[in-house]
Structures are given as structure tokens and as C-alpha cells.
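Heads up: the protein sequence lines correspond to chains A and Z, in order.
Residue numbers for the first sequence follow the numbering used here, so the first one is 1 and each next one is one higher.
Residue numbers for the second sequence follow the numbering used here, so the first one is 181 and each next one is one higher.
In this text, a Cβ means the ideal position worked out from N, Cα and C, and glycines have one as well.
Here is the structure we will look at.
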Amino acid sequence: MEINKSMEGPLTFPGQVHETADGGILVTKLDDVINWARSNSLWPLVFGTSCCAIEMMSTAGAKHDWSRFGFEVARATPRQADLIIVAGTIVMKMAPVLKRLYDQMPEPKYVIAMGACTISGGPFFYNTYSVVKGVDHVIPVDVYIPGCPPRPEALLHSMITLQEKIKNEQYFKKKIEDVR
Amino acid sequence: MNTEELKSSISAILPSVIYDETGEFLNVNIASEELYPLINELRSNSEFDFDYLFCLTCIDWKDHLMMVYHLLSKTHQHTIVLKAKISNRENAEIETVCNIWRTAELLEREVFDLFGVKFINHPDLRRLFLSDDWNGYPLRKDYVDENMISL
Chain A
1 MEINKSMEGP
11 LTFPGQVHET
21 ADGGILVTKL
31 DDVINWARSN
41 SLWPLVFGTS
51 CCAIEMMSTA
61 GAKHDWSRFG
71 FEVARATPRQ
81 ADLIIVAGTI
91 VMKMAPVLKR
101 LYDQMPEPKY
111 VIAMGACTIS
121 GGPFFYNTYS
131 VVKGVDHVIP
141 VDVYIPGCPP
151 RPEALLHSMI
161 TLQEKIKNEQ
171 YFKKKIEDVR
Chain Z
181 MNTEELKSSI
191 SAILPSVIYD
201 ETGEFLNVNI
211 ASEELYPLIN
221 ELRSNSEFDF
231 DYLFCLTCID
241 WKDHLMMVYH
251 LLSKTHQHTI
261 VLKAKISNRE
271 NAEIETVCNI
281 WRTAELLERE
291 VFDLFGVKFI
301 NHPDLRRLFL
311 SDDWNGYPLR
321 KDYVDENMIS
331 L
């Protein structure tokens with residue numbers, strides 16, 4: 001681990017340093033294969049609460065077609081979903097429902113916060129009694145995608161960004177650390 | 181009926197009403213206690229025949245609340261706005277109009293939810309949009325929410 005410490009550089013280093021797992025090339029290659037498979041078959045939950053959901057449906061439709069990136073198996077049950085795209089305003093009454101849906105999803109699970117409402121409460125409803133001011137008050141978010149609503153291209157970009165994130169995960173390293 | 185005929189006919193039923201013609205429709209201002217007999221007459225009298233309640237809402241004027249009923253007659257094609265002043269803001273009460281127009285059932289639940297007006301004889305007066313354990317009535321001017329930014 002000391003060698004990795006020295007590789008970290010100053011705190012302001014403008015990028016990511018990916019630590020290499022103990023176990024060398026075999027483990028990292030296995031990770032690459034597993035992550036490649038996982039990232040190209042992400043099943044999103046059918047979840048939309050307002051206008052962003054219309055853009056999400058458009059992304060699923062023929063013109064933009066998210067199945068090109070492996071997202072086409074949208075699931076109506078959280079127990080079969082890997083990913084939840086929070087598409088739309090979350091109100092106080094919806095928040096516990098969203099939390100329960102997230103809790104019901106199996107690990108590993110990911111969240112995309114789509115649009116201004118899910119990031120901060122939104123451009124229209126920010127200062128009101130009924131709206132949650134950002135979905136990250138309720139569940140952890142992996143990718144934020146701004147816009148009101150974001151265009152389908154932007155949503156596809158956020159999905160590809162999530163795939164990049166998954167491709168950099170080190171599943172076996174986590175396992176080794178759990179064993180130790 | 182035109183506006184002048186409406187005014188004279190309504191005044192014949194209830195002399196104490198005050199009219200206001202600044203808006204798009206004829207505004208009829210009354211007190212909340214006078215509401216039910218008048219509105220019942222407006223519905224059942226074939227001369228008026230207000231068969232359509234197309235809006236029911238409330239205004240918070242800080243020192244009192246005001247119920248607003250938009251009434252339309254499909255047969256006579258005339259419209260009025262009935263405004264009933266509720267002076268007791270802390271314990272706001274008014275007679276329900278559910279039994280006259282069925283649509284008022286949900287509209288009154290919404291007003292109860294957001295303004296806290298209690299509708300006497302309403303068949304099912306519960307909160308409509310907010311959760312049942314919500315404290316206070318958010319559309320009142322003195323509602324305080326610590327998560328909101330005060331301007």
C-alpha cells in the first residue's frame with residue numbers, strides 16, 4: 001500500500017488514481033471481464049414521476065434507442081433492477097416510496113439523478129413545502145445529469161458515464177478486503 | 181340573464197350582498213353564514229339554474245379567509261363568482277356544497293388540506309394531497325416551514 005500512497009501525489013492532483021488490487025494481473029483481468037459484462041447489461045427500473053420521464057421514454061424509443069447501450073430490459077419490479085433513473089420531481093409523499101424501492105433492489109445498484117428537480121428540487125418548485133430538495137437526501141446518487149429536462153442525448157451520456165464508473169470498479173479487491 | 185338582471189334577482193333573495201364588477205365575472209360578496217341558503221337557491225331556482233361549479237377555492241387575506249365559488253349555468257350561459265368571507269380564521273368553518281354539486285367533495289377536501297377550512301356536513305373530510313400526519317396548512321400566509329427559504 002505504501003507504493004500507492006506515494007503515487008497519490010499532492011491532494012490537488014487533477015485526476016483519478018486507480019489503486020491496483022493485490023493479486024495482480026489475474027484479478028484485474030477478471031474484474032475487467034465481469035465489469036464489461038455488468039456495464040453492458042444494466043436493467044433500469046420503470047420509474048418516472050414527471051416530465052423527465054417523457055424524455056426517458058423518448059430515450060427508450062426507436063429514435064434514440066437505449067438498447068444500443070444495453071439498457072433495454074426495463075423492469076417493473078425493483079427486485080430485478082440494477083439501476084434506478086430518478087426521472088422527475090420527488091415530493092415528500094413520494095420520498096419514502098422511493099426509499100423503499102431502492103432498498104428492495106439487489107446489490108450492486110446504481111442511481112442516476114435525471115434533471116434539475118432530482119438534483120436540487122428544481123427550477124420551479126425549489127422553495128416549497130412539498131418538494132424534496134435533491135434526491136440525494138433520500139438515496140445515494142452515482143451520476144447527476146442536469147437539464148430541464150435533459151435531452152435524450154444527455155441521458156445517454158449519463159448512462160455511458162455510469163458504465164465508465166462500473167468498468168473502473170474492483171469487485172475482487174473488495175472481496176479480498178472483506179476476507180482480511 | 182345579463183349582469184343587471186342577475187344583480188336584481190340575487191338581491192331579491194339576499195338583500196345584504198355586495199357586488200363587485202371589476203373582474204371578468206360578476207362578483208357576489210357575502211358572509212360565510214349566508215352561503216348555504218343562497219347557493220342552494222341559485223342551484224335549484226330554474227331562473228338561475230347554476231348547474232356547474234367549475235372552480236372552488238380559497239384565499240387567505242391574513243385577517244380572514246375567503247371561499248370562492250365559480251358558478252356557471254349551461255342552460256342560461258351566465259356566470260357568477262360567489263365570495264364568502266370567513267371571519268373566524270383560527271376555527272374556519274363553512275357549510276359544504278357537496279350535496280348540491282358532487283364535484284365539491286374533492287375540491288373541498290383540497291381546500292381543507294391546504295387552508296384548513298372545515299366543511300360542515302362533508303361526508304369524507306380528510307387530507308387529499310398531503311400525508312395524514314402533516315402539521316399545519318401550507319397555503320396559509322402564516323405557514324412556517326424550516327426547509328423553505330424566507331425571502
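So, is the C-beta of D293 (chain Z) closer than 8 Å to a C-beta in chain D? In the structure shown, chain D does not exist; the protein chains are A and Z.
Mapping DSSP to helix, strand and coil, what is N209 (chain Z)? N209 (chain Z) falls in the strand class under three-state DSSP.
Over what stretch of residues does the alpha helix (DSSP H) that includes Y216 (chain Z) continue unbroken? Y216 (chain Z) -> alpha helix (DSSP H) spans 215-224.
Please report how far the alpha carbon of G316 (chain Z) lies from the alpha carbon of N209 (chain Z), in whole angstroms. Rounded to whole angstroms, the gap between the alpha carbons of G316 (chain Z) and N209 (chain Z) is 28 Å.
So that I know if they touch, is there some Cβ in chain A lying closer than 8 Å to that of D322 (chain Z)? Any Cβ of chain A closer than 8 Å to the Cβ of D322 (chain Z) would place that residue at the interface, and such an atom is absent.
CA nearest to the CA of T381 (chain Z), picked from Z:T276, Z:K265, Z:E288: Within the shown structure, residues of chain Z are numbered from 181 to 331, placing residue 381 (chain Z) beyond reach of any answer.
Which residues in chain A have a C-beta closer than 9 Å to the C-beta of P318 (chain Z)? List them in chain order. Here the neighbours are T128, Y129, S130.
DSSP three-state assignment for L319 (chain Z), whether helix, strand or coil: Reduced to three states, the DSSP call for L319 (chain Z) is coil.
Under a Cβ-count criterion, where at least 16 other Cβ atoms within 10 Å of its own Cβ denotes burial, should W66 (chain A) be classed as buried or exposed? Buried is the call here.
Three-state class that DSSP yields for K165 (chain A) in the structure shown: In the structure shown, K165 (chain A) falls within a helical segment according to DSSP collapsed to helix, strand and coil.
Quick one: residues in its chain with C-beta nearer than 7 Å to the C-beta of D293 (chain Z), no 5 flanking neighbours on either side, listed in chain order? Cβ neighbours of D293 (chain Z) beyond the five flanking positions: R307, L308, F309, L310.
Beta-carbon within less than 6 Å of K298 (chain Z)'s beta-carbon, same chain only, minus the 5 sequence neighbours each way: which residues are those? So the qualifying residues of the chain are E273.
Would K29 (chain A) count as contacting chain Z if we go by Cβ distances under 8 Å? Closer than 8 Å: no.
Looking at R75 (chain A): is its Cβ nearer than 8 Å to the Cβ of V46 (chain A)? Taking 8 Å as the Cβ cut-off, R75 (chain A) and V46 (chain A) qualify as a contacting pair.
Between the Cα of T202 (chain Z) and those of Z:N271, Z:V261, Z:E285, spot the shortest distance and give me the residue it belongs to. Checking every option, the nearest Cα to that of T202 (chain Z) belongs to Z:V261.
Cβ distance (whole Å) where A264 (chain Z) is taken to contact L215 (chain Z) below 8 Å: About 5 Å separates the beta carbons of A264 (chain Z) and L215 (chain Z), which is inside the 8 Å limit, making them a contact pair.
How many angstroms separate the CA atom of M1 (chain A) from the CA atom of Q170 (chain A)? For M1 (chain A), the predicted structure reports a pLDDT of 44, less than 50, and the residue's modelled location is therefore unreliable. The matter cannot be settled from this model.
E285 (chain Z) lies in the alpha helix (DSSP H); which residues open and close that run? In the DSSP assignment, E285 (chain Z) falls within the unbroken alpha helix (DSSP H) covering 284-295.
Can you say whether P96 (chain A) is buried or exposed, counting buried as having 16 or more other CB atoms within 10 angstroms of its CB? Counting C-beta atoms within 10 angstroms of its own C-beta, P96 (chain A) has fewer than 16 neighbours from the protein chains shown and is therefore classed as exposed.
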